[in-house]
Amino acid sequence: MSGDGRAGGVGGTGGGAAGPGGGFGVPEADAFTRPYWDAAAQGRLLIRHCATCDRVHHYPREFCPYCWSEDVDWRPASGRATLHTWSVVHRNDLPPFGARVPYAAAVVDLAEGPRMMTEVIGCEGTALRIGMELEVAFRAGIPVFRPVAAVPVTAEPAAAGPVAPGADG
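According to the numbering used here, the sequence shown is numbered sequentially starting from 194.
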């Protein structure tokens with residue numbers, strides 16, 4: 194975060210005026226991170242892949258943090274993750290976060306391997322559990338995560354007609 198209270202994001206400096214979304218707390222895209230933010234605006238999560246060591250990483254860097262190769266490119270991520278840790282924030286005086294309290298600031302393990310700082314939405318803080326399955330969602334072009342919706346279980350259709358109340362079939 195810069196000294197003026199604006200949050201920097203993936204590759205953003207945070208020191209300029211408002212970011213692409215027009216408000217504080219919104220990362221500023223630069224030439225390097227533009228593909229990441231453009232994809233996020235379209236509802237796609239990208240990560241970096243190293244062609245030299247065949248590993249992926251996040252946050253985006255112009256070099257591989259494992260082998261230092263510059264032979265890295267953008268790859269689509271599945272959007273699946275598990276919750277590594279979280280903290281429910283009850284007070285934050287910085288815009289726009291103060292209007293969102295309480296919220297769950299979190300670190301997730303992407304299915305591809307890297308960890309990512311984010312926010313978990315659509316779930317009460319008391320329901321969060323380490324290892325819970327999450328999926329990416331996007332709020333104003335910012336990747337956030339939500340619990341994976343449970344697949345509804347459908348009952349088998351009855352072979353015979355309805356059973357009268359109290360009848361032992």
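Note that beta-carbon positions come from the ideal geometry of N, C-alpha and C, so glycine has one too.
Quantities reported herein were computed from a predicted structural model and do not represent experimental measurements.
Per DSSP, reduced to three states, the secondary structure at R241 is strand.
The alpha-carbon of P288 is positioned some 11 Å away from that of V294. Excluding five sequence positions before and after G291, the CB atoms of its chain that fall closer than 6 Å to its own CB belong to N285, given in chain order. Not a single unbroken stretch of the alpha helix (DSSP H) spanning 4 or more residues falls wholly within the stretch 253-298.
Sequence-distant Cβ neighbours of A244 in its own chain, meaning closer than 8 Å and more than five residues away, are S262, D264, V265 and D266. Inter-segment contact for the stretch 246-255 and the stretch 274-284 is absent: fewer than three beta-carbon pairs are separated by less than 8 Å.
Bridge pairing for D231: absent [DSSP].
The beta carbons of A297 and G318 sit closer together than 8 Å. When the Cα atoms are used, C246 and P258 turn out to be separated by approximately 10 Å.
In this structure, A222 sits away from P336, with a CB-CB distance that is not shorter than 8 Å. A270 sits close to I240, with the two beta carbons spaced by under 8 Å. Of the residues assessed, V301 falls on the buried side of the cut-off, its CB having 16 or more other CB atoms within 10 angstroms. Each residue's CA atom was taken as its position, placing M309 and Q235 some 19 Å apart. Judged by DSSP in its simplified three-state form, T311 adopts strand.
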